[in-house]
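Start counting the sequence shown at 38; every next residue gets the next number (our numbering).
The beta carbon of each residue, even a glycine, is placed where N, CA and C say it ideally should be.
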Amino acid sequence: MRMGPAWFSALLALGCELGAVDVPIGADLPSTFYISPHGSDDNSGTRALPWRTFAHATAQLEPGHTLLLLDGDYEPRSTGLLQVNCGDGVRSGRAGRPILVRAESERRALLHGDGARVPLELRGCEHWVVEGLTLMNEHVDSVEPGTDVGTVAMVQGGKDVALRRLLLLRPNHHRHTHLLRVLEADHVLVEECEAYDFHHNAFEAVRSRFVTFRRNYFHSRYAESAEGTVGTDDPTRGEVAIQIEESSSAVLENNVAEVVGTGFSVVGRPSGSPYTDAPPYPVSGARLFGNVVRDALAAGFKIETRCGDAAPCEAPERIVTDTLVVDGAVEEAAVGVAVDAAPGTRVDNVTLARVADGVELSRGAGNQGLEFSASASRALVRGFSGVAFGASGVADWSFEHCAAVDPGTEAVSFAPRDSRVLQPLSEAGGDDCLVYLHRDSPLRRAAGADGYVGASIILRYLNGAVTDVPLWEPATGAFPCGAVVAGINDDPGQSCRGVHERLRVGSTGCPLPDGESR
């Protein structure tokens, strides 16, 4: 049908309608929309007239759009939750034009689950960014059974997703739940989030590639599961801060974990996994830079193949290869770094203080069917009661320029101590700093041309490289925490805002070095 001049004149006079927003011809189309628990889906989506439900709001979004959440509580019965299935009426973003969902005021928009539903769930989405929300669930024992029933956040499938400055807490402890689970996704960034009150694994990446966890903070607050929901739960605290399982090329940078069973773990497929096919990529290439663990009952870092008694062990999804742990620090743990039959693991420049055992290279009972090699260099173990550096059942290993100081009465520095222990060190100069060496420590020059022995976690890492940006706030030593929410993360004794004091960053005895790196 051919439109005449009268039709165009009428259209210009009346304007055209975009969804529920009236936009005159020639005006810029709106790209920022608003949602509020007090809004209405009959509104236009402006700040003055916000939408109400996530189902309606997310269906309107296109690449380059922003959805701002106004302050308030978002619940299943009123607004629904941010559960997005891209392709099912909801669009993905595009490279350079992501879809952004953000709190207008950081962490003052609370998405509150009911013990079953997941407050934040992205399925099959590409180029989505979620920032500044508070996410929590509830402990409810009457919900349906199943893994992730009552989890707090999930990314399943999709790629190029970023989650930033989220505050996550309270997964349902009656179920096998997590604070965040990334499942079968590619290129996911999780940055500057805070995680509390978790009984199982706080953050977990499973069968995923190129997932980066950067500058996140964890404190389990001694959370317990109910009725032994997860069989290996420790009854006094959350299990793992970040677990990388059956995944490839994960990166962990400058994360801090307190009061956990294990701080950071990289593992193969467990026995009893629901998956029967191998992932389309090797379980390989995890990189851990500048991470810190305080108070772990088991291990600060765990790198573990899971052969399940297979001999020979040949299933690629069970074997963890080529993991790199660099510039890590652990204080108070049974084992600082535990490497169990993980071929090609390297541990460089770590400080492990007040541990039973320091660096432990071994083959566990279920992994006897796999030969492997591993090494540690320029590592410091201080105040240990067992074995500082031990190797058992390892085909090829070495400890080079490693320091074992302040041993307990019956402690052993190296076991065995033979030609594979290269240039061992035994003097530390009374240094009690953890995440970096004191400026007067002799270990700053103990490795010759390689310089430092021990950790030097002073500057931020970015994609595996040290930047010139301080990790700790120069004036106070503070870690880069997000906004404080009363009743959630305002107690400095068990929150991000006080972690620098517990780590003695910038204290009188451990002044921050001036802009230096290793």
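8 Å CB neighbourhood of residue i in its chain, flanking five on each side removed
| i | result |
| --- | --- |
| R476 | P548 and P550 |
| H93 | D78 |
| S399 | A375, V376, D377, A378, G427, A428, S429, G430 and V431 |
Simplified DSSP assignment, three categories, for residue i
| i | result |
| --- | --- |
| V186 | coil |
| P529 | helix |
| N634 | Nothing about residue 634 can be read from this structure; the chain reaches only from 38 to 555. |
| P135 | coil |
| N386 | coil |
| Q97 | helix |
| N209 | coil |
| L104 | strand |
| V357 | coil |
| H75 | coil |
| G546 | coil |
| S142 | coil |
| P479 | helix |
| H537 | helix |
| A425 | strand |
| G161 | coil |
| N404 | helix |
| F91 | helix |
| V166 | strand |
| Y473 | coil |
| T171 | strand |
Sequence-distant residues of the same chain with beta carbon closer than 7 Å to residue i, five excluded per side
| i | result |
| --- | --- |
| Y318 | R246 and S285 |
| G535 | P529 |
| S115 | P74 |
| R579 | The requested residue 579 is not part of the displayed model; the chain covers only 38 to 555. |
Presumed contact (8 Å Cβ cut-off) between residue i and residue j, rounded CB distance
| i | j | result |
| --- | --- | --- |
| F436 | L459 | 7 Å |
| E354 | R306 | 4 Å |
| G406 | A348 | 3 Å |
| Q280 | V304 | 7 Å |
| V293 | Y254 | 5 Å |
| V374 | F338 | 5 Å |
| C230 | L203 | 4 Å |
| V243 | R218 | 7 Å |
| V127 | T95 | 5 Å |
| K196 | E175 | Between E175 and K196 the Cβ distance is about 31 Å, and since that is not below 8 Å, they are no contact. |
Given residue i as reference, the closest of the options once Cα atoms are compared
| i | options | result |
| --- | --- | --- |
| Y71 | P113, L137, G133 and G126 | L137 |
| A199 | P208, D346, R391 and W165 | W165 |
| N209 | D78, T266, C518 and V442 | T266 |
| F250 | H211, S450, A278 and R212 | A278 |
| L216 | T171, V490 and S302 | T171 |
| R135 | R391, V167 and V542 | Position check: residue 135 holds Pro in this sequence, whereas Arg was assumed. Out of R391, V167 and V542, V167 has the C-alpha closest to the C-alpha of P135. |
| A190 | A428, G152 and D223 | G152 |
| V449 | Y473, P461 and S422 | S422 |
| G194 | V121, T188 and L206 | V121 |
| P311 | G365, G427, V330 and G183 | G183 |
| P517 | A523, S532, G427 and C344 | S532 |
| G130 | E241, C344, G395 and G161 | G161 |
| I340 | E397, G187 and D527 | E397 |
| R139 | G150, T69 and L86 | T69 |
| A379 | G403, L119 and E261 | G403 |
| V521 | A232, D197 and C123 | A232 |
| A432 | D377, T446 and L462 | D377 |
| A85 | V155, L105, A96 and Q97 | L105 |
| D468 | C123, L98 and T545 | T545 |
| E447 | G187, D346 and V424 | V424 |
| A483 | I356, P461 and R201 | P461 |
Under 7 Å between C-beta atoms of residue i and residue j
| i | j | result |
| --- | --- | --- |
| V227 | S257 | no |
| I494 | G327 | yes |
| H211 | D178 | yes |
| D359 | S321 | yes |
| S412 | R383 | yes |
| T90 | G117 | yes |
| D108 | R144 | no |
| R415 | H438 | yes |
| E290 | Y473 | no |
| V329 | A371 | no |
| V192 | A239 | no |
| G427 | A393 | no |
| L147 | D110 | yes |
Sequence-distant residues of the same chain with beta carbon closer than 6 Å to residue i, five excluded per side
| i | result |
| --- | --- |
| R324 | V288, L361 and G501 |
| L417 | T388, A440, V490 and G491 |
| D443 | R419 and G420 |
| S302 | V277, Q280 and K339 |
| E241 | H215, R218 and Q280 |
| C350 | C344, G406 and L407 |
| P113 | D151 and R154 |
| R391 | E368, E369 and G420 |
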